[in-house]
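If you're matching positions, the sequence shown starts at 19 in this note's numbering and goes up one per residue.
In this text, a Cβ means the ideal position worked out from N, Cα and C, and glycines have one as well.
Since the structure comes first, as structure tokens, the remarks are kept for the end.
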Amino acid sequence: MPQKAPVVSACHGNSSLSGSSDQRGPSSPLPPAKQIGASLLPWLRPLVVLGLIAVAQGLAGCSGEVAPRNTHTPISSSGDISTFFYQMLLYLDIAVMAVVAAIWAYALVKFRRREGDDTLPPQNHGNMKLEVIWTAIPTLIVVGITVPMLAGVFQMSKRPDANQRIIEVDVTGKQWWWEFDYKNDTANGLQTATELHVPVNTAIVLNMTSADVIHAWWIPRLAGKRDATPGRNYPVYVTPREVGIFDGQCAELCGASHALMGTKLVVHPLAKDAEVDYQGKKVTLESYETWVQHNQADAAKPASAEIEKGAKLFSERTCPTCHIIKGQFDTAIRAPTSGPNLSHVGSRLAIAANTLVNNPENLAKWIAKPSAIKPGSKMPDLNLTPDEAKAIATYLYSLK
Ligand code: CUA
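So, in structure tokens, the structure goes:
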């Protein structure tokens, strides 16, 4: 049997280092021990400072209030599963880091070189016992994470049973906003933008796709992210259990205005109106059926001369080429670049993909120069005068 290279060397004791098997060789003496001990403090100082910054940052994130994009307070069972694994990994990581840091700190102090000691410490390369231990522990941790996580992934990917009410909506990502087409139930045929409205405690099937590039749908409090890819259809199954308004954000870099591609999930009560807190204000949410009936109806007819003027300008300045207004302008071209359905735009909470609060001033600002609000916006700058933009905004805001 060929002799193996000496990989494990026992403690050198006090013998002097010499001979060809010595890795350092006699011509490379160890630096004086004092130098190593003295160089420890300058290393520790920045570590302590970094640690304190990390603690301060962690504490700065603590708040009694539920932040709108907080993934720790999910509102669906799908969100519960991903939050469980997120927290499990987080606490497991902290525990592993604490153990490793403790061993590291202990070794740093206990085994640092003493003054006058020129010997090499025991070499443990190839130590079978150690190799087995530090292979087995991570393997057990990874298996312990993977098995329950796979079970969770399968649970989240399960289509809801067909013997219950299911609301199915096609969700299309566009540069840079979201379009929602309702496929069944009372909302069948409805088309909205930016805000997805669903009933509480009802199974929702969202079919994710994209009209142009890859986007990712993400309502942090609802569930995890899901890619919206052109030519593909990835479903999301969720049952929201809390009435309220929940903000979301496109989570895939999709071009110039990716950061401005927001969205909202509005979870309506089933029967009566409900009052909810949204951004520090009380907002009354009508029942889902009331919302559906209201949105299935044609857009409101102009009720004043000023609104009439805005509607005329809307038509003359070619807006209906891209935008549908049900019962008034129904001829928009359906193309990847076509804009949102504006039939009831006045009743939305936000415009321009959740970047501006919906009011006549912001609408006028948006219409006058879209690229100033969303760089790269597919909505052209029509060189409207401030008065024209104001008139069109007044008309659109009347479409409640
Ligand atoms: Cu769409 Cu990022």
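Contact annotation: the stretch 274-286 touches the stretch 223-243, with at least three C-beta pairs closer than 8 Å. Asn359 sits buried, since 16 or more C-beta atoms from the chains shown fall within 10 Å of its C-beta. One alpha carbon belongs to Leu208, the other to Lys201, and they sit about 8 Å apart.
Taking the CA atoms as reference points, Val150 sits about 12 Å from Leu158.
Look at Gly191: its beta carbon is less than 7 Å from one of the heavy atoms in the ligand CUA. The ligand CUA has no heavy atom closer than 7 Å to the beta-carbon of Glu149. Listed in chain order, the alpha helix (DSSP H) elements of length 4 or more contained wholly in the stretch 131-190 are 146-174. Straight-line measurement puts the Cα of Ala234 at about 19 Å from the Cα of Gly357. No heavy atom of the ligand CUA is found nearer than 7 Å to the CB of Glu197. The alpha-carbon separation between Ala229 and Ser361 amounts to approximately 21 Å. Between the alpha carbons of Gly262 and Asp295 lies a gap of roughly 7 Å. Per the DSSP secondary-structure output, Asp245 pairs in a beta bridge with Ala234. Counting C-beta pairs with one atom in each stretch, the stretch 213-223 and the stretch 184-193 have three or more that are closer than 8 Å, which means they touch. Spatial neighbours of Ala329 in its own chain (CB-CB distance under 8 Å, excluding positions within 5 residues in sequence) are listed in chain order as Pro320, Gln346, Tyr413. Contact fails between the stretch 335-346 and the stretch 257-277, because fewer than three Cβ pairs, one in each stretch, are under 8 Å apart. Distance from the Cα of Met174 is smallest, within the candidate group Leu138, Ala246, Thr101, Ala119, for Thr101.
Judged by their CB atoms, Gln267 and Val231 are not nearer to each other than the 8 Å cut-off. Assignment of Lys383 by DSSP, reduced to helix, strand and coil, places it in the helix class. Residue range 209-211 is occupied by the beta strand (DSSP E) that includes Ala211. With respect to the 8 Å criterion, Ala289 and Ser305 are classified as neighbours on the basis of their beta carbons. At the C-beta level, Met279 and Asn251 stay beyond 8 Å of one another. Taking each of Thr373, Pro388, Leu138, Arg63 in turn and checking the Cα distance to Glu213, the smallest one comes out for Thr373.
Contact annotation, Arg352 with Leu400: C-beta distance approximately 21 Å; criterion of less than 8 Å not satisfied.
Under the DSSP definition of a beta bridge, Trp309 lacks any partner. Our two residues, Pro92 and Phe103, have alpha carbons roughly 12 Å apart in a direct line. Its Cα nearest to that of Ala368, the residue Trp195 stands out among Trp195, Pro253, Thr257, Asp203. For Thr302, the beta-bridge partners assigned by DSSP are Glu293.
Of the candidates Gln297, Ala269, Val254, Gly191, Gly191 places its Cα closest to the Cα of Pro248. The DSSP assignment places 378-386, 388-391 as complete runs of the alpha helix (DSSP H) inside the stretch 348-403, in order along the chain (cut-off: 4 residues).
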